[in-house]
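Residue numbers (this note's numbering): 3 to 95. Note that CB positions come from ideal geometry on N, CA and C, so glycine has one too. This report concerns only the one structure given below.
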């Protein structure tokens, strides 16, 4: 599962925020990684582990809602089979 969001500030500032569950942690069965950066600059990354799918999905929903409230829009999303716990069609532009 991967969701990429963007926020256009002006012609010179684009913020990119990505949420994905492709990385695995040794001590947790489920994980979510978030990456963020401005323009083509060096980004930052945070990976958080979870013991249940439900906890993982709640975290994805929380982060997604926060970013939408901050003005981010969907740039790209990919899921294998109903992995994203959000109806992204509601947020398409």
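| Asked | Found |
| --- | --- |
| Start and end residues, beta strand (DSSP E) containing residue 4 | 4-12 |
| C-beta contact flag for residue 53 and residue 31 at 8 Å | yes |
| Beta-bridge pairing of residue 15 - partner residues as DSSP gives them | 12 |
| Pick from 6, 58, 15 and 35 that is closest to residue 47, judged by C-alpha positions | 35 |
| N- and C-terminal bounds of the beta strand (DSSP E) containing residue 37 | 32-40 |
| Per DSSP, cross-strand counterpart(s) of residue 22 | 4 and 35 |
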